[in-house]
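Peer 1: Per my numbering, the sequence shown runs over residues 40 to 331. A virtual CB, placed ideally from N, CA and C, is assigned to each residue, including glycine. Being a predicted model, the structure only gives us computed values, none of them experimental.
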Amino acid sequence: MSETILKFGIPKGSLEEATISLFARSGWKISMRARNYFPEINDPEIGARLCRPQEMPRYVADAVLDAGLTGKDWILETQARVQVVSDLIYSKVSSRPARWVLAVAGDSPYQRPEDLQGRRIATEITGLAERYFAAQNIQVKVEYSWGATEAKVVEGLADAVVEVTETETTIRAHGLRIIDEVLVTNTQLIANPAAWNDPVKRSKIEQINLLLQGALKAETLVGLKMNVEGARLSTVLALLPSLNSPTISALRDSDWHALETVVSVQTVRDLIPRLVEAGAQGIIEYPLNKVI
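As structure tokens, this is what we get:
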């Protein structure tokens with residue numbers, strides 16, 4: 040494979056589907072192959088590889104990959120020397136950052152991290168957990184969990200867990216209670232320092248970052264078009280938020296104007312009825328693919 044092709048890591052597992060969807064909205068189609076870690080991508084300048092997020096920082100640091108997507112948690116866990124290009128907050132569940140939390144059984148006597156002195160802690164992020172407790176001078180035994188971490192407390196295999204959560208649904212389903220937050224994490228675009236210093240590869244990484252960020256921003260916004268009579272224009276404009284200011288065009292042979300703007304998805308359902316009351320007509324709401 041040519042050295043001018045960017046070797047890019049796609050996170051395998053829980054983020055895989057969300058990442059492929061994000062790339063599609065950004066302009067890249069990634070096609071998976073059965074039992075193959077080299078998916079096809081419709082860009083001759085990118086060579087895609089599937090890689091576990093837990094291993095991504097190490098492979099990028101060692102130049103096996105030029106760049107990739109992984110969690111901030113795994114970068115800190117491995118302490119890999121990589122260039123963090125940007126934060127990309129997305130997941131399979133929500134657009135909120137995930138949290139690693141310290142949780143105990145709901146009926147346990149433990150109320151604070153200090154109460155776990157000398158106890159057994161199960162987690163996938165042993166390095167981060169050990170540093171978290173060491174910073175508070177709390178002596179515990181941190182053990183690696185190969186999965187089903189929340190169940191370790193229920194089964195009596197651990198006194199507490201350090202586990203990742205977005206909605207706390209699984210935590211509560213196992214009857215656990217959170218007593219502290221260890222780390223807030225999110226997906227990050229990372230690069231190998233040598234690749235980042237290569238003008239050709241850096242340009243490609245920056246292109247990927249620009250379009251991924253644009254696709255993520257577009258998820259929170261919609262476009263609005265409408266027609267407004269001149270006498271009601273100022274009233275309607277007072278209701279319209281915008282990234283800059285609404286685009287206004289005069290309609291031919293008329294006192295009417297065409298308005299176009301971008302608004303938050305969270306506000307549009309309340310905004311449209313107010314626009315109608317203010318005199319806007321022919322309102323069209325449309326989704327956005329990217330906002331740069």
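1. Tell me which same chain residues have a C-beta within less than 6 angstroms of the C-beta of residue 284, skipping the five on either side of it?
2. Please list, in chain order, all residues of the same chain as residue 312 whose beta carbon is under 7 angstroms from its beta carbon, the five residues on each side excluded.
3. Name the DSSP bridge partner or partners of residue 37?
4. Extract the residue ranges of the alpha helix (DSSP H) inside the segment 70-149, only unbroken runs of 4 or more that lie entirely within it.
5. Taking DSSP as the reference, what is the three-state secondary structure of residue 312?
6. My guess is that residue 141 and residue 219 are in contact by the Cβ rule of under 8 angstroms, so how many angstroms apart are they, rounded?
7. What are the residues that DSSP puts in a beta bridge with residue 230?
8. Quick one: grab the DSSP three-state call for residue 175.
9. From the DSSP output, read off the bridge partner residues of residue 294.
10. Here's the rule I'm using: 16 or more other beta-carbon atoms within 10 Å means buried, otherwise exposed. How should residue 36 be labelled?
11. Tell me which residue opens and which closes the alpha helix (DSSP H) that residue 53 is part of.
12. Is residue 102 closer than 7 angstroms to residue 231 when the C-beta atoms are compared?
13. In angstroms, rounded to a whole number, what distance separates the CA positions of residue 202 and residue 145?
14. Per DSSP, residue 219 forms a beta bridge with which residues?
15. When you compare each of 314, 73, 97 and 295 to residue 276 by their alpha carbons, which one comes out closest?
16. Which whole-angstrom value is the C-beta distance of residue 114 and residue 136, which I expect to be below 8 angstroms?
17. In three-state terms, what does DSSP make of residue 153?
18. Decide yes or no for the touch test of the segment 298-305 against the segment 254-266: beta carbon pairs closer than 8 angstroms, at least 3 of them.
19. What is the DSSP secondary structure of residue 263, counted as helix, strand or coil?
20. For residue 327, which option in 160, 187, 164 and 255 has the closest C-alpha, if you only look at C-alpha atoms?
21. When DSSP labels each residue in this structure, what does residue 326 get in the three-state scheme?
Peer 2: So, to answer that:
1. The count along the sequence shown starts at 1 and reaches residue 284 at position 245. Excluding sequence neighbours, residue 284 sits near nothing in its chain.
2. Taking the first residue of the sequence shown as position 1, residue 312 is located at position 273. Around residue 312: no qualifying Cβ.
3. Any property of residue 37 remains undetermined from this structure, which presents the chain solely from 40 to 331.
4. 95-100 and 111-117
5. As a first step, residue 312 is located in the sequence shown; it is residue number 273 there, counting from the start. Note: residue 312 maps to helix in three-state DSSP.
6. Here the question's residue 141 lines up with position 102 in the sequence shown. Here the question's residue 219 lines up with position 180 in the sequence shown. Sure, about 4 angstroms apart at Cβ, within 8 angstroms.
7. Position 191 of the sequence shown, counted from the start, is the residue given in the question as residue 230. According to DSSP, which records beta bridges pairwise, residue 230 is partnered with 106 and 122.
8. Here residue 175 refers to the residue found at position 136 of the sequence shown. Residue 175 falls in the coil class under three-state DSSP.
9. For this step, residue 294 is matched to residue 255 along the sequence shown. Note: residue 294 sits in no beta bridge, so no partner.
10. No information on residue 36 is available, as it lies outside the stretch 40 to 331 that the chain covers here.
11. As a position in the sequence shown, residue 53 is number 14, starting the count at 1. From DSSP, residue 53 is part of no alpha helix (DSSP H); its letter is neither H nor E.
12. Sequence index remark: in the sequence shown, residue 231 carries index 192 (1-based). Sequence index remark: in the sequence shown, residue 102 carries index 63 (1-based). Yes, these two residues count as a Cβ contact at 7 angstroms.
13. Numbered from 1 along the sequence shown, position 163 holds the residue referred to as residue 202. Numbered from 1 along the sequence shown, position 106 holds the residue referred to as residue 145. Going from the Cα of residue 202 to the Cα of residue 145 covers about 15 angstroms.
14. The residue labelled residue 219 in the question sits at position 180 within the sequence shown. Residue 219 is bridged to 141.
15. Numbered from its first residue, the sequence shown carries residue 276 at position 237. Answer by Cα proximity: 314.
16. Sequence index remark: in the sequence shown, residue 114 carries index 75 (1-based). Sequence index remark: in the sequence shown, residue 136 carries index 97 (1-based). Contact check for residue 114 and residue 136: beta-carbon distance about 14 angstroms, past the 8 angstroms limit, so the pair fails to qualify.
17. Counted from its first residue, the sequence shown places residue 153 at position 114. Of the three classes helix, strand and coil, the one that applies to residue 153 here is helix, per DSSP.
18. Contact between the segment 298-305 and the segment 254-266 is established, with three or more Cβ pairs separated by less than 8 angstroms.
19. Taking the first residue of the sequence shown as position 1, residue 263 is located at position 224. DSSP places residue 263 in strand when its eight states are reduced to three.
20. Residue numbering aside, residue 327 sits at position 288 when the sequence shown is read from its first letter. Of 160, 187, 164 and 255, the residue nearest in Cα terms is 255.
21. In the sequence shown, residue 326 corresponds to position 287, counting from 1. Residue 326: strand per DSSP, three-state reduction.
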